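Numbering (our numbering), first residue to last: 3 to 174.
Glycine residues also receive a C-beta, built at the ideal position from the N, C-alpha and C atoms.
Only a predicted model underlies this, so the values are computations on that prediction, with no experimental measurement involved.
Quick look at the structure:
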């Protein structure tokens, strides 16, 4: 990374570290983990009962939407756990900036007429997970995507001149 890119990257690392220590993170983490637990309890209990009374076609729709729900919640939980690892010192904030820890594009569910036949419990969880995903996606973009856009473009001529200066120990 060029020297020009070091300062903005350091700022991004500071943003990640500050967020991980924030009350906003605390609230979001608690909400996310509670929603994961609530969803697991629903799908294992009332949701299982609710799905049994659906027609075969509707049960297939239920299965597909419940898989999308759990996938979305696992993405949320993974993102939150990375932030918690930064907070607890188990992961460097600079490592958390890696693209592999970014939230993947959403497969948000629009509650349309077709889905209204699904049990209310599942519909409520789908809606809540969509709203939480949208909020976390916004945070992710603010912390990483928009921060990346703020990084200055590398100047290949200046980079090459800096390399020459370092290699030959002369000022050009």
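Continuous alpha helix (DSSP H) stretch holding residue 31: start and end: 25-46
Relative to the C-alpha of residue 41, which residue among 98, 126 and 119 is closest? 126
Count the other CB atoms, across all protein chains shown, that sit within 10 Å of the CB of residue 30; report buried if there are 16 or more and exposed otherwise. buried
Would you please state the rounded distance, in angstroms, between the beta carbons of residue 120 and residue 71? I believe it to be under 8 Å. Going by Cβ atoms, the distance from residue 120 to residue 71 rounds to 11 Å, so no, they are not a contact pair.
Within its chain, find whatever has a CB closer than 6 Å to the CB of residue 82; leave out the 5 residues flanking it on each side and keep chain order. 31 and 34
Cβ neighbours of residue 45 in the same chain (closer than 7 Å, five flanking residues each side left out): 68
Flag this pair as yes or no: are the beta carbons of residue 64 and residue 80 separated by less than 9 Å? no
Take the Cβ of residue 18 as the centre, count every other Cβ of all protein chains shown within 10 Å, and call the residue buried at 16 or more, exposed below. buried
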